[in-house]
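Line order of the protein sequences matches chains Y and B.
Sequential numbering from 0 applies to the first sequence in numbering that gives the first Met the number 0.
Sequential numbering from 0 applies to the second sequence in numbering that gives the first Met the number 0.
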Amino acid sequence: MIEILTVVGPTSVQDLGRFDQYRFGVGTSGAMDDVALRAGNILLGNDENAAGIEIPMMPFRLRFGRDMAFALTGASVEAKIAGRAIPPWWRSHARAGDILSLKAMPRGARCYLTVGGAIDVPMVLGSRSTQFRGEFGGLHGRPLQPGDILPCTSPTSIIGELGVEPADITLARPKASEDETIVRVVIAGEYEAFDGATQELFWSSSWKITPQSNRYGYRLQGPAVKPISPIEKRSHGIVPGVIQIPPNGQPIIQMRDAQTSGGYPKIATVIRADLWRAGQTPLGGKLRFEQTAYTEAIAAEAEVSAYLDRLRANVRLVEEIRTCR
Amino acid sequence: MTAADRPRISLLGTSALLFEAPGAFDLPHQRRIWSLAATASKWPGIREAIPGITNLMLTFETSPRQLDSLIAALNDGWDDAQGLPIDGREIRLPVTYGGEIGLALKSVGDYCGLSVDDVVSIHAAPLYTVFALGSHPGYCYLGGMDPRITMPRRQIPLQRSAGGSVSIGGSQTGVSASPGPSGWHAIGHTTWKFFDPSWPTPAALAPGDTIRFEIERVLR
């Protein structure tokens, strides 16, 4: 087991998400950076959907109740295990009683802790992800608090240290500037309800992520983007990535805890292959949108899959070499 | 035939697609949506078919390479869809109108040029039908609201609205099942339980069920 010692902000247990409960009004939840969670699980030889801990704010400390392997992926953090520094995107081994301490997050917005096996909270409606709005899943349906004890499934055999190249380096895309993340989007139902100049404004602007942003949604700040005439739509299903334009003209990107339906006009949707990039852009950071076609968006997903396939192959190769010795 | 007579189909990135039926926000159209949902949920590659208000979202198990055949199937499916009548159960929901949670009761009255009492009696008069579930766990979108109490959604959504809020958003009304962000106007509240993940079916209500609001109190 794991004991949480220090935690600030909405730290939670997440797996890849809950994908087939929309008809009851239940959204996906799940890791904001699914690529990082998968990579952590691959490093440990776990099922890629194994639950981990999503840590969005520092400092964070926990104590391992017994010997176990663990990995840190996602945002770069200054991490120490039993006083020894560990690099980002790294798997390591803790002894019973060791304290893992995360201090600062120089790059990214969310760090993922995965353990050999999984964080063994109950499966609720097909997933272990925390559903904040419904107050179920994860640990008692709520953010983690100091003193929480998280059960873990039995660790596999002891494995050595190993690192992999972070996804944001391998899957790097051109940047407009150092502090701006470009995400690709496919246009959505109401795109044509904005005139040409307004559409151009949407593409050409740098959008600041306001402090009112969280796992529900990113509220952006920039020039007002308004449709030719006000639009009130009948409520319809939406998914994470959808960019809604409320009447004030300031876009909101729906994130993993988003409502499952809405009625504000939708200008575009962040593609699945880039939603993790938005998830790793911190408050105060800037986003820029780049239009892409549906088929290109599918191809981009294949690139992410190929990256994860390579990780899997490399980890397997390292294990085979170790076994042969 | 004009474009307004045909359904609109649009993409929600690569993970879902939205089908919007032409025509009125009424029960006959919604019954056709329920019928199309039942059909489409069985198609290969479709994870779920989720009815909205006279619209349908399909989520993908795997994103289709080509969308043409899916779009054609939806259009044909809509043309063929006979209304699916669902005989649901009827729920009576006691509502406290106004008060701290139902703060927007007065603003809805002001906007619509009605007294508080008029808004309450107009809201509580119809037998509402659950058209769809969505937004958050257990939330029901209701059909049947009198258009006289229509009020556009908020300019900026609220970060937090109370659980059990009875609200109006545009020409729709509904009851929130838990606290959370909302772009609607709360005019009252109820203490009923709409969702429990441990129930065999986690949501208490399903499309086709009906709700009658009972005026428990009116707080001014």
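For every residue, glycine included, the Cβ atom is placed at its ideal position computed from N, Cα and C.
All figures in this text were calculated on a predicted structure; none of them were measured in a lab.
Residue j beta carbon less than 8 Å from that of residue i
{"i": "I41(Y)", "j": "L310(Y)", "result": "yes"}
{"i": "S234(Y)", "j": "S204(Y)", "result": "no"}
{"i": "A74(Y)", "j": "A108(Y)", "result": "yes"}
{"i": "F130(B)", "j": "Q65(B)", "result": "no"}
{"i": "A187(Y)", "j": "S9(B)", "result": "yes"}
{"i": "I98(Y)", "j": "R65(Y)", "result": "no"}
{"i": "T38(B)", "j": "R46(B)", "result": "no"}
{"i": "L35(B)", "j": "L55(B)", "result": "yes"}
{"i": "F63(Y)", "j": "I3(Y)", "result": "no"}
{"i": "P180(B)", "j": "S164(B)", "result": "no"}
{"i": "L11(B)", "j": "I237(Y)", "result": "yes"}
{"i": "R183(Y)", "j": "T27(Y)", "result": "no"}
{"i": "Y110(B)", "j": "I186(B)", "result": "no"}
{"i": "G39(Y)", "j": "A68(Y)", "result": "no"}
{"i": "D33(Y)", "j": "W275(Y)", "result": "yes"}
{"i": "V224(Y)", "j": "G248(Y)", "result": "yes"}
{"i": "V123(Y)", "j": "P196(B)", "result": "yes"}
{"i": "T113(Y)", "j": "L43(Y)", "result": "yes"}
{"i": "G182(B)", "j": "R153(B)", "result": "yes"}
{"i": "I270(Y)", "j": "I242(Y)", "result": "no"}
{"i": "G115(Y)", "j": "R321(Y)", "result": "no"}
Residues near residue i in its chain [Cβ-Cβ closer than 6 Å; skip 5 each side]
{"i": "P245(Y)", "result": "Y263"}
{"i": "M0(B)", "result": "Any reading at M0(B) is ruled out, since the residue's pLDDT is 44, under 50, leaving its predicted position unreliable."}
{"i": "R31(B)", "result": "A80 and G82"}
{"i": "K207(Y)", "result": "Q220 and K285"}
{"i": "M56(Y)", "result": "V7 and G8"}
{"i": "E134(Y)", "result": "G140"}
{"i": "V76(Y)", "result": "L101, M104 and C110"}
{"i": "Y127(B)", "result": "L141, G143 and I210"}
{"i": "L36(Y)", "result": "A30, G51 and Y111"}
{"i": "I90(B)", "result": "I210"}
{"i": "F212(B)", "result": "L92, V94 and A123"}
Contact set between residue i and chain Y, taken where Cβ atoms lie within less than 7 Å
{"i": "A202(B)", "result": "F23 and G24"}
{"i": "G179(B)", "result": "R132"}
{"i": "P196(B)", "result": "V123, L124, G133 and F135"}
{"i": "P199(B)", "result": "By Cβ distance, chain Y contributes nothing, its closest Cβ being about 12 Å from P199(B), past 7 Å."}
{"i": "N54(B)", "result": "R233 and H235"}
{"i": "Y140(B)", "result": "S234"}
{"i": "G169(B)", "result": "E231 and G262"}
Contact list for residue i against chain B, beta-carbon separation under 8 Å
{"i": "G348(Y)", "result": "Residue 348(Y) lies beyond the range of chain Y shown here (0 to 324); nothing can be said about it."}
{"i": "V120(Y)", "result": "Here the premise fails: no neighbours, minimum Cβ distance about 13 Å."}
Interface partners of residue i on chain Y, CB under 8 Å
{"i": "Q158(B)", "result": "Q211"}
{"i": "M144(B)", "result": "The premise fails here: M144(B) is roughly 12 Å from chain Y at the closest Cβ pair, so nothing lies under 8 Å."}
{"i": "S166(B)", "result": "In chain order: nothing, as chain Y lies at least about 12 Å away."}
{"i": "L132(B)", "result": "R22, F23 and G24"}
Sequence-distant residues of its chain with Cβ nearer than 7 Å to residue i (five each side left out)
{"i": "G173(B)", "result": "Y138, C139, Y140, L141 and S166"}
{"i": "A192(Y)", "result": "P226, I227, I230 and P264"}
{"i": "T190(B)", "result": "G163"}
{"i": "T5(Y)", "result": "P58, F59, R60 and P145"}
{"i": "D370(Y)", "result": "Nothing about residue 370(Y) can be read from this structure; chain Y reaches only from 0 to 324."}
{"i": "P142(Y)", "result": "P9, T10 and S11"}
{"i": "M150(B)", "result": "V107, Y110, C111, I167 and H184"}
{"i": "P84(B)", "result": "R30"}
Neighbouring residues, chain B, relative to residue i (Cβ below 7 Å)
{"i": "H92(Y)", "result": "By Cβ distance, chain B contributes nothing, its closest Cβ being about 35 Å from H92(Y), past 7 Å."}
{"i": "D19(Y)", "result": "R46 and E47"}
Under 9 Å from the C-beta of residue i: neighbouring residues of chain B
{"i": "P250(Y)", "result": "Here the premise fails: no neighbours, minimum Cβ distance about 12 Å."}
Contact set between residue i and chain Y, taken where Cβ atoms lie within less than 9 Å
{"i": "L66(B)", "result": "Y293"}
{"i": "G137(B)", "result": "F23, G24, V25 and G133"}
{"i": "Y127(B)", "result": "The premise fails here: Y127(B) is roughly 14 Å from chain Y at the closest Cβ pair, so nothing lies under 9 Å."}
{"i": "R152(B)", "result": "E231, P245, P246, G262 and Y263"}
Own chain, CB closer than 8 Å to residue i, minus 5 neighbours either side, in chain order
{"i": "P146(B)", "result": "S170"}
{"i": "A272(Y)", "result": "R183, A296, A299, E300, E302 and V303"}
(request) Decide if the region 249-263 of chain Y is in contact with the region 212-221 of chain Y; the criterion is three or more beta carbon pairs, one per stretch, under 8 Å apart. (result) By the Cβ criterion, the region 249-263 of chain Y is in contact with the region 212-221 of chain Y, since at least three pairs of Cβ atoms, one from each stretch, lie closer than 8 Å.
(message) Could you check whether the region 20-32 of chain B touches the region 123-143 of chain B, counting it as contact only if at least three pairs of C-beta atoms, one from each stretch, sit closer than 8 Å?
(response) Verdict: yes, contact present.
(request) Report yes or no: do the region 290-305 of chain Y and the region 135-149 of chain Y share at least 3 C-beta pairs separated by less than 8 Å? (result) Cβ pair count under 8 Å is below three, so no.
(message) Assess contact between the region 86-93 of chain Y and the region 155-173 of chain Y, defined as three or more Cβ pairs (one per stretch) separated by less than 8 Å. Is contact present?
(response) A contact exists between the region 86-93 of chain Y and the region 155-173 of chain Y.
(request) For the region 1-34 of chain B, enumerate the residues whose C-beta is nearer than 8 Å to any C-beta of chain Y, in chain order. (result) R7, S9, L10, L11, G12, T13, S14, A15, L17, E19 and F24: these are the residues of the region 1-34 of chain B whose beta carbon lies less than 8 Å from some beta carbon of chain Y, given in chain order.
(message) When you compare the region 77-85 of chain Y with the region 166-179 of chain Y, are there three or more beta-carbon pairs, one atom per stretch, that lie closer than 8 Å?
(response) Contact between the region 77-85 of chain Y and the region 166-179 of chain Y is absent, because fewer than three Cβ pairs lie under 8 Å.
(request) Report yes or no: do the region 200-214 of chain B and the region 102-118 of chain B share at least 3 C-beta pairs separated by less than 8 Å? (result) Result no; under three Cβ-Cβ pairs closer than 8 Å.
(request) Identify each residue in the region 181-212 of chain Y for which the Cβ-Cβ distance to at least one residue of chain B is less than 9 Å, and report them in chain order. (result) Those would be V184, V185, I186, A187, G188, E189, Y190 and Q211, in chain order.
(request) Could you please tell me which residues of the region 253-266 of chain Y, in chain order, have their CB closer than 8 Å to any CB of chain B? (result) Residues of the region 253-266 of chain Y with a C-beta atom less than 8 Å from some C-beta of chain B are Q258, T259, S260, G261, G262, Y263 and K265, listed in chain order.
(request) Below 7 Å between beta carbons is the criterion; list the residues of the region 278-305 of chain Y that meet it against any residue of chain B, in chain order. (result) Taking 7 Å as the Cβ-Cβ cut-off against chain B, the residues of the region 278-305 of chain Y that qualify are Y293, A296, I297 and E300.
(request) Scan the region 57-90 of chain B for residues whose Cβ lies nearer than 8 Å to a Cβ of chain Y and list them as they occur along the chain. (result) Cβ contacts with chain Y: T58, S62, R64 and L66.
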